[in-house]
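These notes concern the structure reproduced below.
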Amino acid sequence: GAGVSQTPSNKVTEKGKYVELRCDPISGHTALYWYRQSLGQGPEFLIYFQGTGAADDSGLPNDRFFAVRPEGSVSTLKIQRTERGDSAVYLCASSSPGSHNEQFFGPGTRLTVL
Amino acid sequence: DQQVKQNSPSLSVQEGRISILNCDYTNSMFDYFLWYKKYPAEGPTFLISISSIKDKNEDGRFTVFLNKSAKHLSLHIVPSQPGDSAVYFCAAITQGGSEKLVFGKGTKLTVNP
């Protein structure tokens, strides 16, 4: 079956612009996670959805970052007024009910803010 | 404050030998630990895990050891193969919470033919 997919694979934008990153989880996976990986670092947690609701958004760095999952499947991470420090690989992961320990990751979206 | 630490940024071993990757953690609330493997331009792939109630878990060539008193775990790969060359991330989780993974910075393993 299909794994987690993310679009676009690469996104180059200018400082101050708005971007949207999309994640399609594995079918049937109720939990969805966003992580951010900066150069030389491990992935860092941003937000966790259980179904349609954000169960934990404690990792979002500030109010320029927002994520939605309106129908409990596809999720969109939205970044307003992008800054150069937002440049990173944004990873999405999903997991099946009762198996939140094993998260399946997508290939990521590489965001570059010029 | 890094709660999960991988102090070796890189490791190089010969094909057929054992690779040992180390990981330390500081948060005693972590009760489940995972190793992920990552190739360039791909997302991390789950490799092996261990619950805090165990001290060893084995899956083929991969074995993870957990020393709770030392807050230390290690991943052993034997025999190492060139295809094992990748970045390995140690991750920890507190079950029953938000289930978010806390990752180390990773160790780049190179297996030389």
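Here the protein sequences line up with chains A and B, keeping their order.
Heads up: the first sequence is residues 937 to 1050, going by our numbering.
Heads up: the second sequence is residues 407 to 519, going by our numbering.
Beta carbons are placed, not taken as given, at the ideal position from N, Cα and C, and that holds for glycine.
The beta carbon of ILE459(B) sits no closer than 8 angstroms to any beta carbon of chain A. In chain A, no part has a C-beta under 9 angstroms from the C-beta of TYR445(B); the shortest such distance is about 10 angstroms.
The continuous beta strand (DSSP E) containing ALA497(B) extends over residues 492-499.
In the same chain as GLU505(B), and ignoring 5 residues on each side of it, the C-beta atoms closer than 8 angstroms to its own belong to ILE499, in chain order. When Cβ-Cβ separations below 8 angstroms define contact, PHE985(A) makes no contact with chain B. Within the region 967-983 of chain A, the residues whose Cβ lies closer than 8 angstroms to any Cβ of chain B are, in chain order, ALA967, TYR969, TYR971, GLY976, GLN977, GLY978, PRO979, GLU980, PHE981. Per the Cβ contact rule, the region 482-490 of chain B is in contact with the region 456-469 of chain B (3 or more Cβ pairs under 8 angstroms). Taken atom to atom, the span from the alpha-carbon of VAL508(B) to that of VAL948(A) is near 28 angstroms.
In the structure shown, the three-state DSSP call for ASP437(B) is coil.
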